[in-house]
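Let me begin by presenting the structure, written as structure tokens, before commenting on it.
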Amino acid sequence: MEGGSTPVQEIRAELREMMCTPVSDLLELGQCRLRASVATHGSAISACQQEGQWERAVLLLADLRQSGLEADAVCYSAAISACEEVGQWLQALLLLREMISARVRADIVSYSATMSACGKGVQWRQVFVLLDELRESKLRADVFSYSAAVTALEKEGLWQHALSLIGESKRLKLEADALCYCGGVIACQRGRQWQPALSLLAEFQRVKLEQNEVSYGSVISACEQCQE
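Here the working numbering is used: position 228 in the sequence shown is 328, and no number is missing along the way.
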């Protein structure tokens with residue numbers, strides 16, 4: 101194919117052209133030179149996720165469905181993750197529900213991303229609903245799922261729930277990450293519980309996770325508040 105372009109190069113060029121197209125024009129994708137396919141739409145949605153363009157990602161997913169093709173878990177997860185990165189929790193939740201309704205097998209990535217989005221939106225009750233769904237499904241919650249849940253609780257100072265989830269993750273042999281422990285410490289600080297905060301900080305050190313200024317500051321703040 102000397103002097104010409106390969107099919108892959110043509111697709112990439114068309115994807116780049118799509119990414120430069122105004123969002124409103126995406127509704128006219130049926131007239132675009134990029135022919136509808138799950139793979140090409142999936143690539144475009146993932147590109148939107150990386151660029152933080154959640155609206156464009158949602159529109160591309162809608163176009164895929166309208167073209168008569170079935171979106172797969174990769175497409176849905178990428179669109180949900182795009183919404184999660186900018187805190188669009190309701191849109192992420194709607195996409196997950198649509199995914200399940202369309203009988204597309206929701207994976208741990210789509211659940212964790214939706215939980216994280218709900219956490220950013222301080223929708224901790226919804227996070228618990230999703231966590232319960234994970235427990236009842238064949239999917240196994242991972243450390244990112246628990247970190248998202250603890251982070252949501254952190255914002256409301258629900259330290260007892262946060263400690264319970266950290267304990268549950270340990271019973272499942274999951275290695276809680278720094279984000280999970282830090283969220284628990286902050287939840288204790290906001291609940292004025294300095295002793296549990298100190299215990300979590302000690303656990304930080306035991307599992308050799310790197311503490312940060314936020315975790316230390318939260319413990320100090322919890323101690324000061326209890327002395328007031």
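Even glycine gets a Cβ: it sits at the ideal position worked out from N, Cα and C.
Model, not experiment: these values are computed from the prediction.
- Item | Arg235 burial status per 10 Å Cβ neighbour count (16 or more: buried) | Position 135 of the sequence shown, counted from the start, is the residue given in the question as residue 235. With fewer than 16 Cβ atoms within 10 Å of its Cβ, Arg235 is classed as exposed.
- Going by C-alpha distance, which of Glu170, Ala173 and Thr214 is nearest Gln191? Locating residue 191 in the sequence shown gives position 91, counting from the first residue. Checking every option, the nearest Cα to that of Gln191 belongs to Thr214.
- Query: Apart from the five residues just before and just after Pro122, which ones in its own chain have a Cβ nearer than 8 Å to its Cβ?
  - Reply: The count along the sequence shown starts at 1 and reaches residue 122 at position 22. Confidence in Pro122 is poor, its pLDDT being 46 and thus under 50, which makes the residue's placement too unreliable to answer from.
- With distances taken Cα to Cα, identify the nearest neighbour of Gly152 among Gly267, Glu185, Trp224 and Ala241. Residue 152 sits at position 52 when you count from the first residue of the sequence shown. Gly152 has its Cα closest to that of Glu185, out of Gly267, Glu185, Trp224 and Ala241.
- Sequence-distant residues of the same chain with beta carbon closer than 8 Å to Ile266, five excluded per side: On the sequence shown, residue 266 is found 166 positions in, with the first residue counted as 1. Correct list, in chain order: Tyr246, Val250, Ala276, Cys280, Tyr281, Gly284 and Leu300.
- Item | Exposure label - Leu164; buried when at least 16 CB within 10 Å | Counting from one through the sequence shown, the residue named residue 164 turns up at place 64. Per the 10 Å Cβ criterion, buried.
- Task: Over the uninterrupted alpha helix (DSSP H) stretch that includes Gln188, give me the two end residues.
- Result: Indexing the sequence shown from 1 puts residue 188 at position 88. No alpha helix (DSSP H) contains Gln188, which DSSP labels as neither H nor E.
- Message: Tell me the DSSP secondary structure of Gln153 in three-state form.
- Response: Your numbering for residue 153 matches position 53 in the sequence shown. Reduced to three states, the DSSP call for Gln153 is coil.
- Item | 7 Å Cβ shell around Ser177 - same chain, five flanking residues per side excluded | In the sequence shown, counting from the first residue as 1, residue 177 sits at position 77. Closer than 7 Å at Cβ, skipping near neighbours: Asp207, Val209, Ser210 and Ala213.
- Item | Which of helix, strand or coil DSSP assigns to Asp163 | Reading the sequence shown from its first residue, position 63 is the one you call residue 163. Asp163 falls in the helix class under three-state DSSP.
- What separation, rounded to the nearest whole angstrom, lies between the Cα atoms of Ala389 and Gln150? Since the first residue of the chain shown is 101 and the last is 328, residue 389 is not available in this structure.
- Query: Nearest to Gln188 by CA position, among Gly168, Val158 and Val174, is which residue?
  - Reply: The sequence position of residue 188 within the sequence shown is 88, counting from 1. Closest option to Gln188, Cα to Cα, is Val158.
- Contact set for Gln226: own chain, Cβ-Cβ below 8 Å, skip 5 residues either direction: For the purposes of this step, residue 226 is taken as the residue at position 126 of the sequence shown. Around Gln226: Trp189, Leu193 and Cys218.
- Closest by CA to Glu170, which one among Thr140, Ala202 and Lys238? Looking up residue 170 in the sequence shown gives position 70. Of the candidates Thr140, Ala202 and Lys238, the one whose C-alpha sits nearest the C-alpha of Glu170 is Ala202.
- Host alpha helix (DSSP H) of Val229 (start-end): Position 129 of the sequence shown, counted from the start, is the residue given in the question as residue 229. Run containing Val229: Trp224 to Glu236, per the alpha helix (DSSP H) assignment.
- Item | Residue range of the alpha helix (DSSP H) that includes Glu170 | In the sequence shown, the residue the question calls residue 170 occupies position 70. Per DSSP, Glu170 belongs to no alpha helix (DSSP H) and is neither H nor E.
- Whole-Å CB distance - Cys175 paired with Leu161, under 8 Å assumed: As a position in the sequence shown, residue 175 is number 75, starting the count at 1. As a position in the sequence shown, residue 161 is number 61, starting the count at 1. Sure, about 6 Å apart at Cβ, within 8 Å.
- State the Cα-Cα distance for the pair Ala287 and His141, rounded to the nearest angstrom. The count along the sequence shown starts at 1 and reaches residue 287 at position 187. The count along the sequence shown starts at 1 and reaches residue 141 at position 41. When rounded, the distance between both Cα atoms is 40 Å.
- Task: Grab me the residues of Ser216's own chain with a C-beta within less than 6 Å of its C-beta, minus the 5 sequence neighbours each way, in chain order.
- Result: Within the sequence shown, the letter at position 116 stands for residue 216. If we look at Ser216 and ignore the five residues flanking it on each side, its Cβ neighbours are Glu184 and Ala248.
- Task: Assuming Leu263 and Trp224 form a contact by the criterion Cβ under 8 Å, report the distance between their Cβ atoms to the nearest whole angstrom.
- Result: In the sequence shown, the residue the question calls residue 263 occupies position 163. In the sequence shown, the residue the question calls residue 224 occupies position 124. Their Cβ separation, rounded to whole angstroms, is 14 Å, which puts Leu263 and Trp224 out of contact at 8 Å.
- Message: Using the Cβ count rule (16 or more neighbours within 10 Å means buried), how would you classify Ser342?
- Response: Because the chain in this structure spans residues 101 to 328, residue 342 falls outside the shown range and cannot be described.
- Can you tell me the Cβ-Cβ gap for Ala374 and Arg205, rounded? I've got them flagged as a contact below 8 Å. For residue 374 there is no data in the structure shown, the boundaries of the chain being 101 and 328.
- Query: What did DSSP end up calling Gln293 once you bin it into helix, strand or coil?
  - Reply: Position 193 of the sequence shown, counted from the start, is the residue given in the question as residue 293. In this structure, Gln293 counts as coil in the three-state DSSP scheme.
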